[in-house]
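Read the structure below first, then the notes.
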Amino acid sequence: MSADSSYQTYYVPEQSKLPIAMAIGLGVTVFGAGSMINDMSAGKADSMTHWIFYAGALIIAATMFTWFSKVIKENHAGMNSDQLNRSYVWGMGWFIFSEVMFFAAFFGALYYVRNFAVPWLGGEGEKGISNMLWPEFQAAWPLVNMPDASGFSTPKELVDPWHIPLLNTILLLSSSVTVHFAHTALKKENRGQLKLWLSATVILGFTFLGFQIFEYAEAYNHLGLTLNSGIYGSTFFMLTGFHGAHVTIGGIMLSIMLLRVFKGHFKPDDHFGFEAASWYWHFVDVVWVGLFLFVYIL
Amino acid sequence: MSAVLETHNHDHHGPAKGLMRWVFTTNHKDIGTLYLWFSFTMFLVGGCMAMVIRAELFQPGLQIVRPEFFNQMTTMHGLIMVFGAVMPAFVGLANWLVPMMIGAPDMALPRLNNLSFWILPFAFLLLLSTLFMEGGAPNFGWTFYAPLSTTYAPKTVTFFIFGVHIMGASSIMGAINIIATILNLRAPGMTLMKMPLFVWTWLITAYLLIAVMPVLAGVVTMMLMDIHFGTSFFSAAGGGDPVLFQHVFWFFGHPEVYIMILPAFGVVSQIIPTFSRKRLFGYTSMVYATASIAFLSFIVWAHHMFTVGMPLAGELFFMYATMLIAVPTGVKVFNWVTTMFRGSLSFETPMLFAVSFVVLFTIGGFSGLMLAIAPADFQYHDTYFVVAHFHYVLVPGAIFGIMGAVYYWLPKWCGNMYNETLGKVHFWLSFIGMNLAFFPMHFVGLAGMPRRIPDYALQFADFNRISSVGAFMFGATQLLFLYIVINTIRSGKPATAQVWEGTDGLEWTIPSPAPYHTFTTPPEVK
Amino acid sequence: MPLRTMPWFRLVVGAMLLSSSSAWAEWTVNMTPGVTAISREIYSLHMIIFWICVVIGVVVFGVMFWSVFAHRKSKGAKPAQFHESTTVELIWTTIPFVILIAMAIPATKTLVKIYDSKESVIDVKITASQWKWRYDYLNDGFGYFSNLRTAQDEIYNKAPKGDHYLLEVDEPLVLPVNTKVRFLITASDVIHSWWVPALAVKKDAIPGFVNESWTIIDEPGIYRGQCAELCGKDHGFMPIVVIAKEQAEYDAWVASRKTAAAQENELKGKELSKDELMERGGKTYATFCAACHNLEGTGTPPVFPALKGSAIALGDKNAHINLVLNGKAGTAMAAFGAQLSEVDLAAVITYERNAWGNDTGDVIQPAEIAKLKAAQ
Ligand code: HEA
Ligand code: HEA
Ligand code: CUA
Ligand SMILES: [Cu+2]
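Quick note, the sequences are listed as chains V, U and S, same order.
Take the first sequence: its position 220, counting from 1, is numbered 220 in the numbering used here, and each next residue is one higher.
Offset between the second sequence (1-based) and the numbering used here: plus 298.
Offset between the third sequence (1-based) and the numbering used here: plus 824.
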């Protein structure tokens, strides 16, 4: 590729204060998060450590804001060669791949407990003898009755896939379509359509989140399905929770893109920020399809 | 663009002055240097912990440390050597060398590059600070098996988890940067199959990193949830399984060990042809072999878990898959040997490290193959035989690879030649010390000494004493290395651009020391 | 300073000299062939692979050292120009592959044998916990704990170390020879691993799950092993001793165990004197509690609290009993209610409330414990 493209000077930024600010922000955040969580678990009500965490998060947010503004400015100043844009493309692409692997770890865990651990505990399969430790336990999925129920929150009922989750599936799938329409509109230089479809996407995204929060509240308050509901609750909330977190990030990304659209950013042939956000959105969408299938339905 | 650039940087040709140069830098050479010094510092810290371990094991009985502290030392030694010494050293080498080797002006994403580095000091500060916190540092082994690392862990495990999170983020960003650089910034004419092998091995390593670091992040997140938020991933009472932890961990862990060796393969593939004055034999097959190793590394993880009670089919699958790795690795070894065969060999320090790498790594590979035989592993597992295996692939493997690389490219980096005599002394003392330290571990392991114990039965005493003496010798020798490097930077004889007689590659076409900015216009590649 | 008197020199030479004396005769450098059919098979597997590796090593390093000696620049060697050959690449891909298959065949056979699950005669359930083993003879209905016996003074170099330093236990596992014994291995806290090299059995003990393994021992004898999975502080102090006996001797041993168990059972209903309880409690304490709380009751703060003067040991009796029975979730303090007999529980709690200056004067009877247990 680079072999045949005609050469443009590659933009190498000079010194920057942003990365170190970010690193400090990260350091402070994780130190604060660790202290905060430890104090919480130890039941120290008077602990002030959460402020460290907030301070760190604030540094991160401020740095990210400055950093992205700077990159946008540089782009507007015409410093980005095609080659640099390709670097961003590779960067975003492989970042998304790393996120896929993060989810793979949790899907893998779900696969393992469903097909191995739970049946073994229930007396089926090659290590079924384990059942001698839990003579009362019967394997079933979704796992409602834990091998040792004491100390766990036994769910009375589970989330019905054909209500909110189905609705959410429809919402998210259509948002993938709308973001695609927005992209097409952008490429066709149709700003009105762009604004329309992108706004629609953001609204769909946040509606999804709203329903998700509602579903969580239901689960916690009425169904008794919590993080503490054994392995079913664990996998359920971790998978949907991390997905929700990613929808939030994607939603914020798209909202920023929307703001930028209103500010007149992006050209038909130069809109990497937008593309990156939309890829991320498609990725979040694909993960949801996996979730709907493996967490809710099957 | 030039108009804007001008206002941005007044001094495009040299580094800024003062300490802030290192903090704010976006230059791949500066960042490479930072990585390398950081890694060396961590090597000393982790090495000192190993010295505590070896001192306690010098004789039977508990004399220097308590078992609690011994476990902390073992754990921190493993973690720091793996994540703090070896991985950053390779990233440092990649930073220095990849752009120079492919004719790129810098790394693809220079600011991200700086961030990748500066996360590390914070991550390790956090990790090391646990040593001084209530409850003590992580004490559950670098493999942190649940539930010892969850329900039964000291409270500091929370900091350990977050430390792993951010250093994982650093690795992922570093890997993305390297991939983008290699795929996007090659000089015209530098096709993939013309890239030096070091670049190839790093490209593949970067893919391994991107694929497995998130999995590590996932597994520590599950731990965090189990410890603090009531989930039961690793607890049978709630339907989870402690063994689930091991599966997820080793899905990361096994590729991780190749992350620690592939770049060293690359280094050796650069050094051996130079001092054999002969082209690398079988370039193409080297590339394919590296790729095959990387691919296989994803399907062998459970060879660390042969005794965990897997169904027979699983046991067989993982045994066969693991054994297969010997084939592509063998191809590499044979190619190196054939490169030397009928060459015109000379044995400067980098070559000494490279040649001993080939021999000693292969010995470590052989013991790896023995471990891969599942029924035999029932006897080897969690004994010092395993410790011997992985130190043979890591110390004369990864560490010798790094040291060879430093001797080989140091003249290019700082413009001065190191002292050859001292270099050779360093090599030979390291070589002897290292073998003295780690070879006897095979014997005590086979004779039945478990790993991770602060005290042992009397029949293991003699070999442990020899091992400790060797370890002290190897450790002390590394101070000489520090001296040599500093001495070279400050007062070595100036080196030529070519440096070595038989070199080949873009980095040798630029002056020594390499100018602060190289290839701002891309070089011609034949 | 003359070389001879320099400390490091003495250290090195001392080490070398020492190495050649003391336990020289005892050391071994290889895997034990063991005393079971499987262990011998594994041993020969080990030796086969070892020699294959040696041969490959000799060939590969041979070629390499030949080059090192013959093709040196200082000897005027001129580099050849060849740098590629698909044929040789194919050859040295194929040959190792074939060698690997040759290794895989016997390995597979052995593995399949190890996974053989034919009926066993004796079932022993092995339960690991920090840092002791429990053996339950499922067919005969008794069981007991097995603890490290080596004295602390030996470990801390205050007394000379005995022959079986760290590899001796109070109650070994006793098995008959030439009989198929099945092990059902599990753990009650963290992961441990039950390993006796002479039997070539190493199986992880996973809390909440049961792993199976088996052995048929050929020769009577004493076989020693250790816990082989990091399990916390005293992982290095968790030995295993197996005594293999002829069938008749084994039967006699089982019979005596059963009578002992019956006597134990009787004690449950009895009133015991404070002295009896204190004596028994001291022993129980030393084997089960001292690992964490220390023999003097001082613990190892901050992780393991002191019991000497502790609020619980001096405070409400029932709170104390409750804590020992049920442990404390999320800490290393295990629930001992199921692990210890009523008599032992009563004794150890009485002991804790009266030893080291904890002079509550309370006496707890087994019946009291039984009542509380039943209530739960
Ligand atoms: C750089 C790191 C590195 C490398 C490269 C390797 C390489 C290999 N490792 Fe190792 N390994 C570790 C680091 C590494 N390992 C670590 C850190 C652990 C312990 C983790 C822990 O528990 O803490 C470990 C543990 C470990 C185990 C688990 C042991 C146990 O806990 O019971 C096993 C088992 O299969 C294994 C196997 C192998 C194999 C088959 C290779 C192969 O890649 C080796 C291939 C090379 C050769 C075989 C030599 C050259 C080949 C030829 C000359 C061709 C001809 C040869 C033949 C046909 C025989 N390793
Ligand atoms: C790349 C990785 C790497 C490297 C380089 C090393 C290097 C060394 N390791 Fe390594 N080791 C591991 C990775 C590594 N190790 C891992 C992953 C484990 C498993 C952990 C676990 O079980 O969880 C382990 C475990 C381990 C054990 C087993 C501990 C146990 O099971 O309890 C031992 C025991 O001897 C040991 C020894 C050494 C020694 C002597 C060195 C030496 O090579 C170190 C030499 C370096 C120095 C000494 C520093 C430089 C010198 C100075 C600062 C001067 C001062 C020196 C003196 C005063 C002499 N290591
Ligand atoms: Cu029990 Cu190690
Ligand atoms: Cu491995």
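Note that beta-carbon positions come from the ideal geometry of N, C-alpha and C, so glycine has one too.
Small disclaimer: the values here were computed from a predicted structure and weren't measured.
| Asked | Found |
| --- | --- |
| Reducing DSSP to helix, strand and coil, say where glutamine 796 (chain U) ends up. | coil |
| Can you check which of these residues, U:Ala619, U:Leu410, U:Ile808, is closest to valine 12 (chain V) by C-alpha distance? | U:Leu410 |
| With a threshold of 8 angstroms between beta-carbons, can asparagine 482 (chain U) be considered close to chain V, or not? | yes |
| What is the DSSP secondary structure of serine 843 (chain S), counted as helix, strand or coil? | Per-residue confidence for serine 843 (chain S) stands at a pLDDT of 45, beneath the threshold of 50, marking its modelled position as unreliable; the derived number appears in the next sentence. It is helical. |
| Around the Cβ of isoleucine 213 (chain V), are there at least 16 other Cβ atoms within 10 angstroms (buried) or fewer (exposed)? | exposed |
| If we ignore side chains and look at the alpha-carbon of each, how far apart do tyrosine 586 (chain U) and lysine 630 (chain U) end up? | 10 angstroms |
| Quick check: the Cα distance between glycine 731 (chain U) and methionine 771 (chain U), rounded to an integer number of angstroms? | 5 angstroms |
| Kindly give me the distance between the Cβ atoms of alanine 21 (chain V) and isoleucine 59 (chain V), rounded to whole angstroms, as I take these residues to be in contact under 8 angstroms. | 6 angstroms |
| Let me know if aspartate 940 (chain S) comes out buried or exposed under the rule of 16 or more other beta-carbons within 10 Å of its beta-carbon. | exposed |
| For methionine 132 (chain V), which residues in chain S fall below 7 angstroms Cβ to Cβ? | Val1034 |
| Rounded to a whole number of angstroms, what is the C-alpha to C-alpha distance between glycine 230 (chain V) and phenylalanine 579 (chain U)? | 57 angstroms |
| Can you tell me which of V:Pro161, V:Gly205, V:Lys156 puts its alpha carbon nearest to the alpha carbon of aspartate 285 (chain V)? | V:Gly205 |
| Measuring straight from C-alpha to C-alpha, what distance separates proline 1125 (chain S) and alanine 1114 (chain S)? | 13 angstroms |
| Buried or exposed: aspartate 46 (chain V), going by 16 or more other Cβ atoms within 10 Å of its Cβ? | exposed |
| Given a cut-off of 8 angstroms on the beta-carbon distance, is the pair alanine 1052 (chain S) and lysine 1026 (chain S) in contact? | yes |
| So for glutamate 554 (chain U), helix, strand or coil by DSSP? | helix |
| Does any heavy atom of ligand 4 sit closer than 7 angstroms to the C-beta of histidine 602 (chain U)? | yes |
| Is the CB of isoleucine 129 (chain V) under 8 angstroms away from at least one CB in chain S? | yes |
| Output yes or no for whether 8 angstroms exceeds the beta carbon distance between proline 147 (chain V) and alanine 534 (chain U). | yes |
| Quick check: does the Cβ of valine 555 (chain U) come within less than 7 angstroms of any heavy atom belonging to ligand 4? | yes |
| Along the chain, where does the alpha helix (DSSP H) that runs through arginine 788 (chain U) open and close? | 759 to 789 |
| Please tell me whether tryptophan 120 (chain V) has its Cβ less than 8 angstroms away from any Cβ of chain S. | yes |
| Using a 10 Å radius around the Cβ and a threshold of 16 neighbouring Cβ atoms, would you call tryptophan 890 (chain S) buried or exposed? | exposed |
| I'd like to know whether the C-beta of arginine 1006 (chain S) is nearer than 8 angstroms to at least one C-beta of chain U. | no |
| Quick one: is valine 993 (chain S) near chain U, going by C-beta distance under 8 angstroms? | no |
| Beta-carbon of lysine 453 (chain U) versus every beta-carbon of chain V: anything under 8 angstroms? | yes |
| Am I right that threonine 49 (chain V) and serine 35 (chain V) are in contact with their C-beta atoms under 8 angstroms? What's the rounded C-beta distance? | 4 angstroms |
| If I measure Cβ to Cβ from threonine 794 (chain U) and keep anything under 7 angstroms in the same chain, skipping five residues before and after, which residues do I get? | Ser810 |
| Can you find a heavy atom of ligand 1 that lies under 7 angstroms from the Cβ of threonine 201 (chain V)? | no |
| Considering only the alpha carbon of each residue, which of U:Asn633, U:Leu594, U:Leu424, U:Pro445 lies closest to phenylalanine 906 (chain S)? | U:Asn633 |
| Is the region 348 to 362 of chain U touching the region 383 to 398 of chain U, taking contact as three or more C-beta pairs under 8 angstroms? | no |
| Quick check: is any heavy atom of ligand 3 less than 7 angstroms from the C-beta of leucine 1147 (chain S)? | no |
| With distances taken between CB atoms, is the gap from phenylalanine 438 (chain U) to threonine 529 (chain U) smaller than 8 angstroms? | no |
| According to DSSP, is cysteine 1051 (chain S) part of a helix, a strand, or is it coil? | strand |
| So what does DSSP say about alanine 1198 (chain S), is it helix, strand or coil? | helix |
| When DSSP labels each residue in this structure, what does glycine 1032 (chain S) get in the three-state scheme? | coil |
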